[in-house]
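Participant: One line per chain: the protein sequences are A and B, in this order. Quick note: the first sequence uses our numbering, first residue 1, plus one each step. Quick note: the second sequence uses our numbering, first residue 1, plus one each step. Cβ atoms here follow ideal geometry from the backbone N, Cα and C, with glycine treated the same way. This is the structure I have questions about; it appears just below.
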Amino acid sequence: MLVDALFLQMGYNATLVTLGAGLLGFAAGISGTFLFLRNRALLSDAISHATLPGVALAFLLMVALGGDGRSLPGLLAGSAVSALLGLLCVNALVRHTRLNEDAAIGAVLSVFFGFGVVLLTVIQTLPQGRQAGLESFLLGSTAAMLWADALIIAGGGAAVVVLALLFRRPFLLVAFDAAYARARGLPVARLDLLMMGLVMAITVVGLKIVGLILVVALLIVPPVTARLWTDVAARVVWLSGIFGASAAYVGAAISATAPDLPTGPIIVLVSFVVFVVSLLLAPSRGVLAAWLRYRRFQKRIHIRQGLLALAQGHPIYERLTLRLLVAAGWARGDGVATDDGMGYAARALRDEARWTALRTDNRFEAAAAMYDGVRDIDTVLTSDQIAEIDRRIAETPA
Amino acid sequence: MLRVVQSQANDTTADPAAPLSIRGLTVSYGQKPAVFSVDFTARAGRMTAIVGPNGAGKSTLLKAVLGIETAVAGQVRVFGADLSMQRHRVAYVPQRASVDWDFPTRVIDVVLGGLYRELGLLGRVRKHHMDYARDCLSRVGMEEFEGRQIGQLSGGQQQRVFLARALAQNADLYLLDEPFAGVDAATERAIVAVLKGLKAEGRTVIVVHHDLSTLRDYFDDVWLISTRRVAEGPVKEVFTEANLRATYGGRLAPAQIDMLSRQDG
Chain A
1 MLVDALFLQM
11 GYNATLVTLG
21 AGLLGFAAGI
31 SGTFLFLRNR
41 ALLSDAISHA
51 TLPGVALAFL
61 LMVALGGDGR
71 SLPGLLAGSA
81 VSALLGLLCV
91 NALVRHTRLN
101 EDAAIGAVLS
111 VFFGFGVVLL
121 TVIQTLPQGR
131 QAGLESFLLG
141 STAAMLWADA
151 LIIAGGGAAV
161 VVLALLFRRP
171 FLLVAFDAAY
181 ARARGLPVAR
191 LDLLMMGLVM
201 AITVVGLKIV
211 GLILVVALLI
221 VPPVTARLWT
231 DVAARVVWLS
241 GIFGASAAYV
251 GAAISATAPD
261 LPTGPIIVLV
271 SFVVFVVSLL
281 LAPSRGVLAA
291 WLRYRRFQKR
301 IHIRQGLLAL
311 AQGHPIYERL
321 TLRLLVAAGW
331 ARGDGVATDD
341 GMGYAARALR
351 DEARWTALRT
361 DNRFEAAAAM
371 YDGVRDIDTV
381 LTSDQIAEID
391 RRIAETPA
Chain B
1 MLRVVQSQAN
11 DTTADPAAPL
21 SIRGLTVSYG
31 QKPAVFSVDF
41 TARAGRMTAI
51 VGPNGAGKST
61 LLKAVLGIET
71 AVAGQVRVFG
81 ADLSMQRHRV
91 AYVPQRASVD
101 WDFPTRVIDV
111 VLGGLYRELG
121 LLGRVRKHHM
131 DYARDCLSRV
141 GMEEFEGRQI
151 GQLSGGQQQR
161 VFLARALAQN
171 ADLYLLDEPF
181 AGVDAATERA
191 IVAVLKGLKA
201 EGRTVIVVHH
211 DLSTLRDYFD
221 DVWLISTRRV
231 AEGPVKEVFT
241 EANLRATYGG
251 RLAPAQIDML
261 SRQDG
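Given below as structure tokens:
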């Protein structure tokens, strides 16, 4: 079943949904990256929740004008208007009051959403409202997706991707250093607005498939996942698009394998799985890699300290130190150095003495600043310089 | 060729109940230790300065003692026990409190925060608590400002308020990170007077200090650190040309070193 779904063999509607979701995931991953790198990820939540009253008002308006009320372009246009309004409210609150952005987002998000729910309830009481199915915009619904709907998603997604890639350099510059961008004469406020506009477009286009509550996951989870794998912003953008597209495609395919499996939530869960795997396994930023790195480093520190203690005849304070020395064959279980251990200990102490001598000599100031306890002295000095240091140590009266 | 690097006797038999004793402490940011395998022992009822060049690990040492930074290796004992058993006896004043200066709190509220242990979760702030907090404020010369919002004070005044909070805690060991950095002369005098008062009461004061010219006036003991321990002991014995050179290397001009180490009280 799943294989069939992945290869688009599950019928017309499922194919439409799966392809549409994949494209939406790609566009959301790309545009979400800029928002995430600008540290304003949560703003997308305010934008998406602010779409609800727009959907409801557009429905009422279309019905009042004698129309069907369920036309997708009309509903999406309404949602875009109210999302924009919500966005401007957040901006105004931050600019003109002493509220922080998180408080402004929380206030706008809940008020718009609350208003939207009230309107939905009112619509339920209308004769035309019963069949409207506007609740499906909350969590998405793909059961009755039409070719025209798919075209809107495809067209909107493609436009967002093109704009995002076109403006990626100024976007990244603003996200990294807004003050510098302003000094260079970039229209930072307008670029921010465009960035939000793209996110808004994704939200509106994604309402049908994932719904307004979960679209935020498509915008934020892929860039967060991509960030784990690379330190290069341009690669984060592309990886995020790829992660978003695959999660959405696979999620939509899974939901097609059984009736009543909700598409949006499954897409979110799939992207979460990708995130968890990345979090654990990513090189350098992954949890596992960081843990291994720390363990190796800790071992070096303890061995070095242990050798210095052996050389100076000090007791070894920590069990880990002793265990490592014993494992290396440099000490016995009772903390007494072996012959091998004495050799290494003497060498560690000799290097330590060299570092100490180095520090009192102005000529080696730069090298002395490299001291951190574990760095080998021959990585900062030539063998001639080391020999000179040794001569000075030998001349100094003990 | 085996030469003992640390000339000071490594007093492993030091007072087991010393206010603060540090053994083999290594603290690292990433893969570069800022403090490597240092041993220090604070003596009770004395004022000790932690002195060393920029980046020598002075603040890091304090933060590791307090558990704010995690140590890679080493032992820290406070009054002979683990810090977790003795936290109430230790007060810390950070270099510049990393607080939200716009936070809705008055000067007196900050000081009352030092009474957290007495007040507990539900205890009411009673008159004797207020009187005590005001007393702490007057010890740092800030009693007139008790109703001010904390962000409306100058940097030196803010520093004094945070010292008053530490005083309210009534601790036995005071750790201060560069309390004199960037403060006005009045604040510096007020803080020194308070610290000397603490010492007179038999409490132990440890201060990260960077002004070598006032070291002799203010402090009894000094710990010289440059990633490793260079020396520790009474200022008179330890604050020597050789030790300064070993601590600062080329970062102090020879003339400066000469002047500082000759200077008399």
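1. Measure the C-alpha to C-alpha separation of phenylalanine 103(B) and glutamate 146(B) and round it to an integer number of angstroms.
2. Does glutamine 305(A) come within less than 9 Å of chain B when only Cβ atoms are used?
3. List the residues of chain A whose Cβ lies closer than 8 Å to the Cβ of arginine 229(B), in chain order.
4. For valine 374(A), decide whether its Cβ has a neighbour in chain B, counting only Cβ atoms nearer than 9 Å.
5. Helix, strand or coil, according to DSSP, for valine 51(B) in the structure here?
6. Could you tell me which whole beta strand (DSSP E) segments of length 3 or greater appear in the stretch 110-149 of chain A?
7. In chain B, which residues lie less than 8 Å from glutamate 318(A) when you measure between Cβ atoms?
8. Inspect the beta-carbon positions of valine 208(B) and leucine 167(B) and report whether they are closer than 9 Å.
9. What residues of chain B sit near arginine 391(A), judged by a beta carbon separation below 9 Å?
10. Evaluate the contact criterion for the stretch 57-66 of chain B versus the stretch 24-44 of chain B: three or more CB pairs, one atom per stretch, below 8 Å.
11. What are the boundary residues of the alpha helix (DSSP H) that includes arginine 266(B)?
12. Rounded to whole angstroms, what's the CA-CA distance from valine 273(A) to valine 250(A)? Just pull it up for me.
13. Kindly indicate if chain B contains any beta-carbon less than 9 Å away from that of leucine 219(A).
14. At least one CB of chain A closer than 9 Å to the CB of glutamine 31(B): is that the case?
15. Taking tyrosine 371(A) as the query, report the chain B residues whose CB atoms sit under 7 Å from its CB, ordered along the chain.
16. Is it buried or exposed, threonine 396(A), if we count other Cβ atoms within 10 angstroms and call 16 or more buried?
17. Would you please state the rounded distance, in angstroms, between the beta carbons of phenylalanine 219(B) and valine 194(B)? I believe it to be under 8 Å.
18. Short of 7 Å in beta carbon distance, which residues of its chain neighbour glutamine 298(A), apart from the five on each side in sequence? Order them along the chain.
19. Which class does alanine 41(A) belong to by DSSP, given the choice of helix, strand or coil?
20. Rank Leu324(A), Asp340(A), Gln305(A) and Gln385(A) by C-alpha distance to the C-alpha of leucine 349(A) and give the top, closest one.
21. DSSP three-state label for valine 208(B), please.
22. Does any CB atom of chain A fall closer than 9 Å to the CB of alanine 242(B)?
23. Is aspartate 340(A) close to chain B? Criterion is C-beta to C-beta, closer than 9 Å.
24. Enumerate in chain order the residues of its own chain whose CB-to-CB distance from glutamate 101(A) is below 6 Å, with the five nearest sequence positions on each side excluded.
25. Can you have a look at glutamine 152(B) and say buried or exposed, based on whether 16 or more other CB atoms are within 10 angstroms of its CB?
26. For the alpha helix (DSSP H) containing lysine 208(A), list its first residue and its last residue.
27. If you run the structure through DSSP and keep just helix, strand and coil, what is valine 278(A)?
28. What are the boundary residues of the alpha helix (DSSP H) that valine 110(B) is part of?
29. Taking the alpha-carbon of valine 270(A) as reference, which of Gly244(A), Thr257(A), Pro127(A) and Ile152(A) has the nearest alpha-carbon?
30. Quick test of the definition: if touching needs 3 or more C-beta pairs under 8 Å, does the stretch 156-167 of chain B touch the stretch 98-116 of chain B?
31. Please determine, among Ala290(A), Leu324(A), Ala345(A) and Ile303(A), the residue with the shortest C-alpha to C-alpha distance to glycine 313(A).
32. Contact between the stretch 274-289 of chain A and the stretch 19-30 of chain A is defined here as three or more beta-carbon pairs at a separation below 8 Å; is this criterion met?
33. So which residues of chain B does isoleucine 301(A) contact, with C-beta pairs closer than 9 Å?
34. For the stretch 173-207 of chain B, which residues have a beta carbon sitting closer than 7 Å to at least one beta carbon of chain A?
35. What residues match up with arginine 228(B) in a beta bridge as DSSP calls it?
36. List the residues that DSSP assigns as beta-bridge partners of aspartate 177(B).
Facilitator: Reading off the structure:
1. Walking along the second sequence from the start, residue 103(B) turns up at place 103. Walking along the second sequence from the start, residue 146(B) turns up at place 146. Looking at the two C-alpha atoms, the distance is approximately 15 Å.
2. Taking the first sequence and counting its residues from 1, one reaches residue 305(A) at position 305. Yes - at least one Cβ of chain B is within 9 Å of the one on glutamine 305(A).
3. Numbered from 1 along the second sequence, position 229 holds the residue referred to as residue 229(B). Residues of chain A whose Cβ lies closer than 8 Å to the Cβ of arginine 229(B) do not exist; the shortest such Cβ separation is about 11 Å.
4. Numbered from its first residue, the first sequence carries residue 374(A) at position 374. Yes, valine 374(A) counts as interfacial toward chain B.
5. Position 51 of the second sequence, counting from 1, holds the residue named residue 51(B). DSSP places valine 51(B) in strand when its eight states are reduced to three.
6. Correct list: empty.
7. Your numbering for residue 318(A) matches position 318 in the first sequence. Neighbourhood of glutamate 318(A) in chain B, by CB distance below 8 Å: Gly24, Ala73, Gly74 and Gln75, in chain order.
8. Within the second sequence, numbered from 1, the residue matching residue 208(B) stands at position 208. Within the second sequence, numbered from 1, the residue matching residue 167(B) stands at position 167. No, the pair does not count as a contact, with Cβ atoms beyond the cut-off.
9. Reading the first sequence from its first residue, position 391 is the one you call residue 391(A). The contacting residues do not exist; arginine 391(A) stays about 12 Å from chain B at best.
10. Under the three-pair Cβ rule at 8 Å, the stretch 57-66 of chain B counts as touching the stretch 24-44 of chain B.
11. For chain B, the structure presents residues 1 to 265; residue 266(B) sits outside this window and is missing.
12. On the first sequence, residue 273(A) is found 273 positions in, with the first residue counted as 1. On the first sequence, residue 250(A) is found 250 positions in, with the first residue counted as 1. C-alpha separation (whole angstroms): 12 Å.
13. In the first sequence, counting from the first residue as 1, residue 219(A) sits at position 219. Answer no: the Cβ-Cβ gap between leucine 219(A) and chain B never drops below 9 Å.
14. Along the second sequence, one-based indexing puts residue 31(B) at 31. Taking a beta-carbon distance threshold of 9 Å, glutamine 31(B) counts as an interface residue toward chain A.
15. Position 371 of the first sequence holds residue 371(A). Within chain B, the residues near tyrosine 371(A) are Thr227.
16. Working through the first sequence from its first residue, we reach residue 396(A) at position 396. The residue is exposed, with fewer than 16 neighbouring Cβ atoms inside 10 Å.
17. As a working mapping, residue 219(B) is identified with position 219 in the second sequence. As a working mapping, residue 194(B) is identified with position 194 in the second sequence. Actually they do not touch by this definition, with Cβ atoms about 15 Å apart.
18. Position 298 of the first sequence, counted from the start, is the residue given in the question as residue 298(A). So the list is empty, once near-sequence residues are dropped.
19. Within the first sequence, the letter at position 41 stands for residue 41(A). Coil at alanine 41(A), not helix or strand.
20. One-based indexing of the first sequence puts residue 349(A) at position 349. The candidate whose alpha carbon is nearest that of leucine 349(A) is Gln305(A).
21. For the purposes of this step, residue 208(B) is taken as residue 208 along the second sequence, with counting starting at 1. DSSP places valine 208(B) in strand when its eight states are reduced to three.
22. For the purposes of this step, residue 242(B) is taken as residue 242 along the second sequence, with counting starting at 1. By this cut-off, alanine 242(B) is an interface position.
23. Residue 340(A) sits at position 340 when you count from the first residue of the first sequence. Between aspartate 340(A) and chain B, the shortest Cβ-Cβ separation is not below 9 Å.
24. Numbered from its first residue, the first sequence carries residue 101(A) at position 101. Within the same chain, glutamate 101(A) has close Cβ partners Val94.
25. Taking the first residue of the second sequence as 1, we reach residue 152(B) at position 152. With fewer than 16 Cβ atoms within 10 Å of its Cβ, glutamine 152(B) is classed as exposed.
26. In the first sequence, counting from the first residue as 1, residue 208(A) sits at position 208. No alpha helix (DSSP H) contains lysine 208(A), which DSSP labels as neither H nor E.
27. Taking the first sequence and counting its residues from 1, the one referred to as residue 278(A) is at position 278. A small fix is needed here, since residue 278(A) is serine in this sequence, not valine. Serine 278(A) sits in a helix when the DSSP states are folded into three classes.
28. Stepping through the second sequence from its first residue, residue 110(B) is reached at position 110. Note, valine 110(B): alpha helix (DSSP H), 107-112.
29. Here the question's residue 270(A) lines up with position 270 in the first sequence. For valine 270(A), the nearest C-alpha among the options comes from Gly244(A).
30. Contact between the stretch 156-167 of chain B and the stretch 98-116 of chain B is present, because at least three Cβ pairs lie under 8 Å.
31. As a working note, residue 313(A) is residue 313 in the first sequence. Ranking Ala290(A), Leu324(A), Ala345(A) and Ile303(A) by Cα distance to glycine 313(A) puts Ala345(A) first.
32. No contact exists between the stretch 274-289 of chain A and the stretch 19-30 of chain A.
33. Position 301 of the first sequence, counting from 1, holds the residue named residue 301(A). Near isoleucine 301(A) (Cβ distances below 9 Å), the residues of chain B are Thr26, Ser28, Pro33, Phe36, Ser37, Val72 and Ala73.
34. Residues: none.
35. For the purposes of this step, residue 228(B) is taken as residue 228 along the second sequence, with counting starting at 1. According to DSSP, arginine 228(B) bridges with Ser226(B).
36. Along the second sequence, one-based indexing puts residue 177(B) at 177. Answer is Val208(B), bridged to aspartate 177(B).
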